[in-house]
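Residue numbers (my numbering): 113 to 388.
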Amino acid sequence: MNWLCGLIGEGIAKSRSPAMHEREARNLGLPLVYRLVDTDNWQSDSRGLADILRWMERFHFNGTNVTHPYKQAVIPLLDELSDAALAIGAVNTVVFQGGRRIGHNTDWSGYAANFRRTLPDVSLNRVGQVGAGGAAAAVAYALLSMGAARLDIFDVASRRAADLAERLGSLFPEARVSAASCVEDVISGADGIVQTSPIGMDSHPGSPFSSDLLDASQWFSEVIYFPCETPLLAAARAKGCRTVSGVGMAVFQAADAFALFTGVAPDRDRMLSEFD
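This is how it looks when you write it as structure tokens:
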């Protein structure tokens with residue numbers, strides 16, 4: 113069997129996803145091709161997701177990953193959601209199966225696996241999160257699944273943060289989940305901070321907040337992996353914070369997606385060691 117997979121996103125020309133999937137497929141002896149569908153360059157009368165998904169089905173794609181800014185917008189176009197995708201309210205992996213589009217979320221499992229690997233002994237008593245979009249929802253779900261007792265969420269779109277806090281609070285009633293009105297409130301007094309906004313990506317340069325707000329006693333987690341080290345991550349490390357980049361999350365979410373596309377379990381440690 114030959115596999116054809118893809119990634120839908122905006123400004124994704126430099127994505128490492130094709131290399132990760134195709135390299136691991138070669139290691140396993142699987143004939144797999146992975147193609148980018150960058151909506152910045154999509155040539156069609158319609159630039160909509162529905163048009164892209166129909167195109168993929170017409171060319172017999174087995175599945176596709178979905179990234180910023182389509183992880184939530186894709187949901188109404190799907191036939192079925194996994195339990196995690198439904199709870200999170202975001203999809204990063206779509207499998208085309210039997211004429212149906214099935215949405216999954218491997219961001220949360222990828223983040224959790226990387227967090228346990230890199231920061232296994234840190235406190236999750238109080239966690240601050242910056243960002244409330246599609247990737248942020250998955251990370252928040254992962255943190256609460258790992259036992260975070262309190263999670264404070266800030267987003268410049270305050271309604272989005274409030275909606276996410278309300279939804280996750282109902283799923284994890286034993287935890288305290290709330291939306292904060294300013295970024296300082298989620299950072300001050302927190303055991304650790306997770307940066308889940310797209311600010312800091314090569315396509316979205318800048319920093320979502322000043323590193324001056326961080327304290328050396330805090331841990332700091334970044335979900336961005338392109339670049340591998342954002343200026344904020346570097347500044348947090350320089351202050352003495354224990355830090356973790358977004359590389360591990362990117363690799364482990366790709367590994368989980370690879371398994372969904374092919375039905376074959378990849379070697380996750382090998383994928384991480386070969387990431388470049």
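Virtual Cβ for every residue (Gly too), placed ideally from N, Cα, C. Treat the numbers as computed from the prediction; the structure is a model and nothing was measured.
CB-CB length for residue i against residue j, believed under 8 Å
i: Tyr182; j: Leu161; result: 6 Å
i: Glu386; j: Arg138; result: With 8 Å as the limit, Glu386 and Arg138 do not qualify as a contact, their Cβ atoms being about 11 Å apart.
i: Ala302; j: Arg238; result: 5 Å
i: Leu236; j: Gly259; result: 6 Å
i: Gly118; j: Phe173; result: 6 Å
i: Ser333; j: Gly312; result: Wrong, their Cβ atoms sit about 13 Å apart, outside the cutoff.
i: Ile67; j: Glu192; result: There is simply no residue 67 to check, as the chain begins at 113 and stops at 388 in what is shown.
i: Gly123; j: Ser309; result: With 8 Å as the limit, Gly123 and Ser309 do not qualify as a contact, their Cβ atoms being about 15 Å apart.
With 16 other Cβ atoms within 10 Å as the buried cut-off, status of residue i
i: Pro378; result: buried
i: Pro320; result: buried
i: His133; result: buried
i: Arg170; result: exposed
i: Arg212; result: exposed
i: Cys353; result: buried
i: Val268; result: exposed
i: Met361; result: buried
i: His97; result: One cannot answer for residue 97 here, as it falls past the ends of the chain, which runs 113 to 388.
i: Ala248; result: buried
i: Arg166; result: exposed
i: Ser357; result: buried
Counterpart residues of residue i in DSSP-defined beta bridges
i: Asn177; result: Leu119, Thr205
i: Thr355; result: Phe332
i: Ala291; result: Ile265
i: Leu372; result: Partner(s): none; Leu372 has no beta bridge.
i: His172; result: BP columns for His172 are empty, so no partner.
i: Met313; result: Ile311, His316
i: Ile305; result: Gly240, Phe332
Three-state secondary structure assigned by DSSP to residue i
i: Ala225; result: helix
i: Glu341; result: coil
i: Gly240; result: strand
i: Asp297; result: helix
i: Leu326; result: coil
i: Asp150; result: strand
i: Met132; result: helix
i: Glu278; result: helix
i: Val145; result: strand
i: Val251; result: helix
i: Val363; result: helix
i: Leu193; result: strand
i: Gly246; result: helix
i: Met258; result: coil
i: Ile214; result: strand
i: Ile124; result: coil
i: Asp388; result: coil
Contact with chain C by residue i, beta-carbon distance below 8 Å
i: Leu190; result: The chain inventory of the structure shown lacks chain C, comprising one protein chain alone.
heavy atom of the ligand ZN below 7 Å from residue i C-beta
i: Arg380; result: With respect to the ligand ZN, the structure offers nothing, as it holds no ligand at all.
### Task
Say whether the region 364-374 touches the region 289-304, bearing in mind that this needs 3 or more beta-carbon pairs closer than 8 Å, one atom from each stretch.
Counting Cβ pairs under 8 Å, fewer than three are found: no touch.
### Query
If you pair each beta-carbon of the region 224-232 with each one of the region 191-209, do three or more pairs fall below 8 Å?
Too few Cβ pairs lie closer than 8 Å, so no.
### Message
Could you check whether the region 273-283 touches the region 243-259, counting it as contact only if at least three pairs of C-beta atoms, one from each stretch, sit closer than 8 Å?
### Response
Touching, yes.
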